[in-house]
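The numbering of the sequence shown is my numbering, which starts it at 4 and goes up by one. The beta-carbon is built from N, C-alpha and C at its ideal position, and this holds for glycine as well. Below: the structure, in structure tokens.
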Amino acid sequence: MFEWVFYFLAYLCAGFTLKLGDDLLDEMERPTFAWLPLAVSGILFGYLMTQTEWDLVLLAAIIVGVLLSGKVNRPQFVVGFFFIALIMLVRGVPAVTNWLDWSALFIMLFLASVLDEKGNDWTDEVIYPKAFKFFRYRFTLKLSVLLFTIPWPQFLAAAVGLWMFDIGYELAGWVTRHR
């Protein structure tokens with residue numbers, strides 16, 4: 004029981020610290036303070052990516068999607084990638100039981116991640132208010148992970164983890180807006 008609480012808490016804190024670091028960079032213009040939350044986020048990402056092949060595929064797809072979308076645009080993000088690599092080097096990468104399924108899931112998660120990032124940039128709140136809200140809260144990926152639990156039921160914990168991650172992410176955004 005405690006392992007599950009810690010597991011989902013790690014997802015929640017990974018989202019919270021990532022958004023906090025991002026907001027320290029972009030919203031509060033305090034780049035010096037962003038290093039610590041982004042480092043903690045990297046440690047949590049690395050820890051989670053070493054748990055199961057399902058966590059690995061989810062978080063790897065998100066990372067690649069965000070990188071290729073051009074969202075990693077400040078040097079402070081490097082500390083997170085350093086800790087992801089370090090944790091994965093120390094703990095090891097989980098074994099992938101079926102590379103074809105894993106690759107298919109990776110591609111679909113990657114595409115959903117990119118669509119969310121680009122949709123958030125492209126939609127206009129005045130012209131398309133529903134699409135704006137849909138992409139603002141990154142529902143493409145959130146709904147996709149739930150649908151992917153149908154062919155891959157073992158993916159359920161990681162799918163719930165993504166929702167916990169997003170709760171942490173939104174909570175940090177709310178805290179920085181209401182500070």
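Residue i to residue j, Cα distance in whole Å?
i: F84; j: R94; result: 15 Å
i: L59; j: K74; result: 20 Å
i: Y14; j: R182; result: 23 Å
i: L108; j: L92; result: 23 Å
i: A134; j: T126; result: 7 Å
i: E173; j: D104; result: 31 Å
i: L47; j: D119; result: 22 Å
i: G45; j: A115; result: 22 Å
i: W7; j: A161; result: 11 Å
i: D124; j: V163; result: 26 Å
i: V178; j: F137; result: 21 Å
i: P154; j: V99; result: 16 Å
i: V117; j: L159; result: 21 Å
Got a sec, what are the start and stop residues for the alpha helix (DSSP H) residue i sits in?
i: M31; result: It is not in any alpha helix (DSSP H) - M31 carries neither H nor E in the DSSP assignment.
i: E56; result: E56 to L71
i: M4; result: M4 -> no alpha helix (DSSP H), and no H or E assigned at all.
i: V82; result: F80 to R94
Determine, using beta carbons only, whether residue i and residue j come nearer to each other than 8 Å.
i: A64; j: G171; result: no
i: V96; j: T152; result: no
i: W38; j: V82; result: yes
i: M167; j: F11; result: yes
i: P34; j: T20; result: no
i: G176; j: D26; result: yes
Using the beta-carbon count (16 or more within 10 Å), is residue i buried or exposed?
i: S147; result: buried
i: P78; result: exposed
i: V43; result: buried
i: K22; result: buried
i: E56; result: buried
i: F5; result: exposed
What I want to know is whether the C-beta of residue i ends up closer than 7 Å to one or more non-hydrogen atoms of the ligand NAP.
i: K133; result: With respect to the ligand NAP, the structure shown offers nothing to examine, as it has no ligands at all.
Ordered list of alpha helix (DSSP H) runs contained in the segment 103–160, each at least 4 residues: 132–139 and 142–151
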